[in-house]
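Enquirer: Just dropping this structure here.
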Amino acid sequence: MKMKKNDKVELDLDTLDRLALISLNDHRKYLVAMLEGGDYLHPDDQNRNARLIGAFTEVIKYYGGE
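With my numbering as the guide, the letters of the sequence shown map in order to residues 36 to 101.
Given below as structure tokens:
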């Protein structure tokens, strides 16, 4: 069955929180990988990514992640 443009998908809050946590962890892992192999990164980008990793870590903790 094909969804129409106006069809809605409803998810419970636990599912939404889990999806947010998965996405945040994926983004954090990507930033960590960039820093670890990031000799090509501009120092400003390195600093920004380090700050973002800290911010993602705090939000992940809020959602119950590690």
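Every residue gets a Cβ at the ideal spot worked out from N, C-alpha and C, and that includes glycine.
#1: Given this structure, state the Cα-to-Cα distance separating Tyr65 from Lys37, to the nearest angstrom.
#2: Between Leu76 and the rest of its own chain, which residues show a CB-CB distance below 8 Å, the 5 nearest in sequence each way excluded?
#3: How long is the line joining the alpha carbons of Gln81 and Leu51, rounded to whole angstroms?
#4: Which class does Glu93 belong to by DSSP, given the choice of helix, strand or coil?
#5: Decide if Arg63 is buried, meaning its Cβ has at least 16 other Cβ atoms within 10 Å, or exposed.
Expert: Let me lay it out:
#1: As a position in the sequence shown, residue 65 is number 30, starting the count at 1. As a position in the sequence shown, residue 37 is number 2, starting the count at 1. Spanning the two alpha carbons is a distance of roughly 34 Å.
#2: For the purposes of this step, residue 76 is taken as residue 41 along the sequence shown, with counting starting at 1. Here the set comprises Met69, Leu70 and Asn84.
#3: As a first step, residue 81 must be located in the sequence shown, where it is residue number 46. As a first step, residue 51 must be located in the sequence shown, where it is residue number 16. Each residue's alpha carbon lies about 31 Å from the other.
#4: If you number the sequence shown from 1, residue 93 lands on position 58. Looking at Glu93 - three-state DSSP - the assignment turns out to be helix.
#5: As a first step, residue 63 is located in the sequence shown; it is residue number 28 there, counting from the start. Flag for Arg63 reads buried.
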